[in-house]
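For the numbering used here, add 998 to where a residue sits in the sequence shown, where the first one is 1. The beta carbon of each residue, even a glycine, is placed where N, CA and C say it ideally should be. Values in this document were obtained by computation on a predicted structure and should not be read as measured data. Below: the structure, in structure tokens.
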Amino acid sequence: MEELVIRDADVVDGSGGYSYRADVVVDGGRIVSIVKEAADAGCQRPKARRELDAEGLVLAPGFIDMHAHSDLALLRDPDHSAKAAQGVTLEVLGQDGLSYAPVDDRTLGEVRRAIAGWNGSGDDVDVDWRSVGEYLDRLDRGIAVNAAYLIPQGTVRALAVGWEDREATPDELDRMRQLVAEGMEQGAVGMSSGLTYTPGMYAPDAELTELCRVVASYGGYYCPHHRSYGAGALEAYGEMVALTREAGCPLHLAHATMNFGVNKGRAPELLALLDEALDAGADITLDTYPYTPGCTTLVALLPSWASEGGPQEILRRLADDGTAERIRHHLEVIGSDGCHGVPVEWETIEISGVGDPALGEYVGRTVLQAARARGEEPWAVARELLLKDRLAPTILQHVGHEENVREIMRHRVHTGGSDGILQGAKPHPRAYGTFPRYLGHYVRELGVLSLEECVAHLTSRPAARLRLPDRGLVREGYKADLVLFDPRTVDAGSTFAEPRTLPTGIPYVLVDGRFVIEDGRRTDVLAGRAVRRSPR
């Protein structure tokens, strides 16, 4: 007898088609049968060792978070309710060009310091891997939800070239090609870049194109955080479209937003650019989060020249009064490349987390508010915080536009990505609320998307981009990565004031046919594993 039958569910199967009522039978981690309209037809109903009454609940494929920063959190915190409670059954890691594989001892320490604001220092995680394959093997020991991995181009550059702003030598480019090929062979699904973060931003287009050719040869995709989401954003999007078409590589645009005052109301221009490329045969998808503020690290705002050489060099420059004044001028007057070419507006920069608890007074305040309270200039406060906290502070950047968010989420190639940073005392609520917010706020309350459309955006579309042949749909033979939610009550509990509040209306989540959320509570099941690239 099979393990589980989910009775009388309203199945929204991920295809975008109409929902239907059915009994769904799960066994051995897969969906083994779907009996539609079983109760109404009076037919023989399937039996199993356990029956779950799903009356009034929607059964959908588990949600796929196309942009996650849980690289260490999955190992540090086996509970991982931040994602499991949202109905997320698969996360894509290795984002924005910086993560923890492939590394050697030198680059591991450098990367740990560079992205401490995203993932913590890492001192509380036994980093017993160096290659992509070894990291995926570590995930296979058991994690809360499944995870796929993108090779981080910035980390690859750090390993082969260093943190200097210069072109790679032919031998160094060959080394980077080799590292990308090895990562793809070991199971990565593609490559990411952070082209406003060092050292990835030092790579010229020709170098990126060569690495994308390698990714494409293995059936992967390129996921860039491109060179600007502010001044010159459309040109930056166009650069990525042209680069990947030249390389013959599929493109997935990370957190595809149009931010800052210069881009208010300009989402239709972005979508027209993408539609023209799609109609000409380009292979493009994108992800967004359903919020207006962004989230990054405070050090990321600095001009690229100030970050050359890595974290220790940044701290040295910040400590020098003359150099620090040059940094301020670039930030406040010129508009640094780290701040997307827009002069920084300190009233939009809210400190969301610090590494040193003694600096907790800054959290929840904008840099401008903190400066006024201390009777100082904003740059003086930001500089002191970066130095005292060793570059660890994270920030919320209140620079988005609601009309752009809604326009982009309607697009035919849109998928969902939380860009969730789980560090800090006051993280962005998207880390805990992205997927229920789509379903509650944008589907039920605003009607921006239909329920069927939205579920497809969060399930089958990302599964297709990841080339997963047995995920993303409620189909017989598919993996039983499933979520049951109440469409009348599902919503994000997280807010900017209380960002770690779990969502409502999601009582059951299954990974590999096992309950990781049951009756609204996290179980002790660790059914997640690494999801490796499918062979071509």
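### Task
Report the rounded CA-to-CA distance for G1358 versus R1164, giving the unit in angstroms.
Working through the sequence shown from its first residue, we reach residue 1358 at position 360. Working through the sequence shown from its first residue, we reach residue 1164 at position 166. The straight-line gap from Cα to Cα measures roughly 38 Å.
### Query
Counting Cβ pairs closer than 8 Å, one from the region 1474–1494 and one from the region 1078–1090, do we hit at least three?
Because the criterion of three Cβ pairs below 8 Å is met, the region 1474–1494 and the region 1078–1090 touch.
#### Entry: Strand pairing of L1050, partner residues [DSSP]
For the purposes of this step, residue 1050 is taken as residue 52 along the sequence shown, with counting starting at 1. Assignment of beta-bridge partners to L1050 by DSSP yields I1004.
### Query
Should the region 1322–1331 be regarded as contacting the region 1283–1290, the criterion being three or more beta carbon pairs within less than 8 Å?
Result no; under three Cβ-Cβ pairs closer than 8 Å.
### Task
Return yes when the Cβ of L1251 is within less than 9 Å of the Cβ of L1299, no when it is not.
The residue labelled residue 1299 in the question sits at position 301 within the sequence shown. The residue labelled residue 1251 in the question sits at position 253 within the sequence shown. Taking the C-beta atoms as reference points, L1251 is found no nearer than 9 Å to L1299.
### Task
Tell me, please, whether the region 1304–1318 touches the region 1103–1120 by the rule of three or more beta-carbon pairs shorter than 8 Å.
Touching, yes, given that three or more Cβ pairs across the two stretches are closer than 8 Å.
### Task
Express the C-alpha separation of T1194 and W1377 in angstroms, rounding to a whole number.
As a position in the sequence shown, residue 1377 is number 379, starting the count at 1. As a position in the sequence shown, residue 1194 is number 196, starting the count at 1. Answer to the nearest angstrom: the Cα atoms are 20 Å apart.
### Query
CB-CB under 8 Å to L1269, same chain, minus the five flanking residues each way: which ones, in chain order?
Mapped onto the sequence shown, residue 1269 falls at position 271. For L1269, where only same-chain residues beyond five positions count, the Cβ hits under 8 Å are E1405, I1406, H1409.
### Query
Cα separation between L1002 and D1517?
As a working note, residue 1002 is residue 4 in the sequence shown. As a working note, residue 1517 is residue 519 in the sequence shown. Their backbone Cα atoms lie some 15 Å apart in a straight line.
### Query
Would a C-beta distance cut-off of 9 Å place G1339 and S1191 closer than the cut-off?
Numbered from 1 along the sequence shown, position 341 holds the residue referred to as residue 1339. Numbered from 1 along the sequence shown, position 193 holds the residue referred to as residue 1191. Their beta carbons are not under 9 Å apart, which means G1339 does not touch S1191 by this criterion.
### Message
Measuring only the C-alpha atoms, how far is L1137 from I1332?
### Response
Along the sequence shown, read from residue 1 onward, the residue named residue 1137 stands at position 139. Along the sequence shown, read from residue 1 onward, the residue named residue 1332 stands at position 334. Taking the straight line from one Cα to the other gives about 44 Å.
### Task
Would you mind stating whether H1439 and G1414 have Cβ atoms separated by less than 9 Å?
As a first step, residue 1439 must be located in the sequence shown, where it is residue number 441. As a first step, residue 1414 must be located in the sequence shown, where it is residue number 416. With respect to the 9 Å criterion, H1439 and G1414 are not classified as neighbours on the basis of their beta carbons.
### Task
Name the two residues that bound the continuous beta strand (DSSP E) containing N1548.
The chain is shown only over 999 to 1534; residue 1548 falls outside these bounds and no answer can be derived.
### Message
Between L1206 and L1241, how many whole angstroms is the CB-CB distance? I'm expecting something under 8 Å.
### Response
The residue labelled residue 1206 in the question sits at position 208 within the sequence shown. The residue labelled residue 1241 in the question sits at position 243 within the sequence shown. That pair is a contact at about 6 Å.
### Query
Where does M999 land, buried or exposed, given buried means 16+ other C-beta within 10 angstroms?
On the sequence shown, residue 999 is found 1 positions in, with the first residue counted as 1. Exposed is the label assigned to M999, since fewer than 16 other Cβ atoms lie within 10 Å of its Cβ.
### Message
At the level of alpha carbons, what is the spacing between G1188 and R1043?
### Response
Start at 1 with the first residue of the sequence shown, and residue 1188 comes out as number 190. Start at 1 with the first residue of the sequence shown, and residue 1043 comes out as number 45. Near 43 Å, if we compare the C-alpha coordinates of R1043 and G1188.
### Query
Less than 9 Å separating the beta-carbons of M1199 and G1152?
The residue labelled residue 1199 in the question sits at position 201 within the sequence shown. The residue labelled residue 1152 in the question sits at position 154 within the sequence shown. Yes. Within cutoff.
### Message
Can you tell me whether H1327 is buried or exposed? The criterion is at least 16 other CB atoms within 10 Å of its CB, across all chains shown.
### Response
For the purposes of this step, residue 1327 is identified with residue 329 of the sequence shown, where counting begins at 1. Exposed, since its Cβ has fewer than 16 Cβ neighbours within 10 Å.
### Query
Within this structure, are the beta carbons of R1128 and L1106 separated by less than 9 Å?
Here residue 1128 refers to the residue found at position 130 when the sequence shown is read from its first residue. Here residue 1106 refers to the residue found at position 108 when the sequence shown is read from its first residue. Yes, the pair counts as a contact, with Cβ atoms nearer than the cut-off.
### Task
Assign L1471 to buried or exposed, taking buried as 16 or more other Cβ atoms, counted over all protein chains shown, within 10 Å of its Cβ.
Translated into positions along the sequence shown, residue 1471 becomes position 473. By the 16-neighbour rule on beta-carbons within 10 angstroms, L1471 is buried.
### Task
Determine, using beta carbons only, whether G1131 and R1527 come nearer to each other than 9 Å.
Residue 1131 sits at position 133 when you count from the first residue of the sequence shown. Residue 1527 sits at position 529 when you count from the first residue of the sequence shown. No, the pair does not count as a contact, with Cβ atoms beyond the cut-off.
### Task
Assign K1045 to one of two classes, buried (16 or more other C-beta atoms within 10 Å of its C-beta) or exposed (fewer than that).
Counting from 1 along the sequence shown, the entry for residue 1045 is found at position 47. With fewer than 16 other Cβ atoms within 10 Å, it is exposed.
### Task
Determine the direct distance from the alpha carbon of E1348 to that of G1160, and round the result to whole angstroms.
Here residue 1160 refers to the residue found at position 162 of the sequence shown. Here residue 1348 refers to the residue found at position 350 of the sequence shown. So the alpha carbons of these two residues sit roughly 31 Å apart.
### Task
State the DSSP-derived secondary structure class of A1278, mapped to helix, strand or coil.
Locating residue 1278 in the sequence shown gives position 280, where the first residue counts as 1. Here DSSP, grouped into helix, strand and coil, assigns A1278 to coil.
### Query
Leaving out the 5 sequence neighbours to the left and right, which residues in its chain are closer than 8 Å to L1447 when beta-carbon positions are compared?
Translated into positions along the sequence shown, residue 1447 becomes position 449. Counting only Cβ-Cβ distances below 8 Å, and skipping sequence neighbours, we find M1407, R1408, Y1436, Y1440, V1441, H1455.
### Query
Taking C-beta to C-beta, are L1057 and V1010 nearer than 9 Å?
Here residue 1057 corresponds to residue number 59 of the sequence shown, with the count starting at 1. Here residue 1010 corresponds to residue number 12 of the sequence shown, with the count starting at 1. It is a contact, given that the beta carbons lie within the stated cut-off.
#### Entry: Residue burial classification, G1228 (beta-carbon count within 10 angstroms, cutoff 16)
Position 230 of the sequence shown, counted from the start, is the residue given in the question as residue 1228. Around the beta carbon of G1228, a 10 Å sphere encloses 16 or more other beta carbons of the protein chains shown; the residue is thus reported as buried.
### Query
Can you tell me the Cα-Cα spacing of K1424 and L1366, whole angstroms?
Counting from one through the sequence shown, the residue named residue 1424 turns up at place 426. Counting from one through the sequence shown, the residue named residue 1366 turns up at place 368. Using only the alpha carbons, I get a separation of about 18 Å.
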